[in-house]
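Residue numbers (full-length UniProt numbering): 1 to 143.
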C-alpha cells in the first residue's frame, strides 16, 4: 500500500531541490554577464532556437506579462544582442532576431552551461542521466 507521508516528503524534496537548481541557474547567468538575467538569457536562447519570434510568443512561452518581456527585450537590444525586423506577414508586428553578437554570447553561455553540467554529471551513469532527462521532460510537459 502506498505511503502518503513518503510521497509528501518526496514532493517536498523535489520542491527544495528545484528551488536550489533555479537559484544556481540564476547565479550562473550572473557569472556569464552581470547585467543580464536568467530570463534574458532564456529569451535569447528561444529566439535563436526559433530563428526569430515576436514578443507575444515570448510572453506565452515563459508565462510572463508583456511589460516584463518588453524590459528584457529592451535590455538585450541595448546590449546589441537583438534587433527588430518588420514582420512581412503583418507590417504592424516585429520579429525579434539575434545579432551576430547575440549569437556569439549565447553560444559561449551554452558552452559554459554544458561544461558545468558535464562536471556535475561526471560520476553519473549514462542511464541515470537519460532517466533524469526523461523525468524533467515529463514534468515540464505536464504543466
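For glycine and all other residues, C-beta sits at the position ideal for the given N, C-alpha and C.
| Asked | Found |
| --- | --- |
| Run of the alpha helix (DSSP H) containing residue 132, from where it starts to where it stops | 126-141 |
| For residue 109 and residue 98, believed in contact at Cβ under 8 Å, the rounded distance | At roughly 12 Å, the Cβ-Cβ gap does not stay under 8 Å, so residue 98 and residue 109 are not in contact. |
| C-beta atoms of residue 76 and residue 58 nearer than 8 Å | no |
| Reference residue 18; option with closest CA among 142, 136 and 7 | 136 |
| Endpoints, the alpha helix (DSSP H) within which residue 114 is located | 100-120 |
| Reduced DSSP category for residue 91 - H, G, I as helix; E, B as strand; rest coil | coil |
| Residue environment, residue 102, which counts as buried when at least 16 other CB atoms sit within 10 Å | buried |
| Cross-strand partners of residue 86 (DSSP beta bridge) | 94 |
| Close Cβ partners of residue 69 (< 6 Å) along its chain, the five nearest in sequence each way excluded | 55, 58 and 59 |
| Cut-off 8 Å between Cβ atoms - residues of its own chain near residue 73, not counting five sequence neighbours on either side | 43, 55, 58, 82 and 96 |
| The alpha helix (DSSP H) enclosing residue 61, as first and last residue numbers | 55-62 |
| CA nearest to the CA of residue 88, picked from 53, 104 and 67 | 53 |
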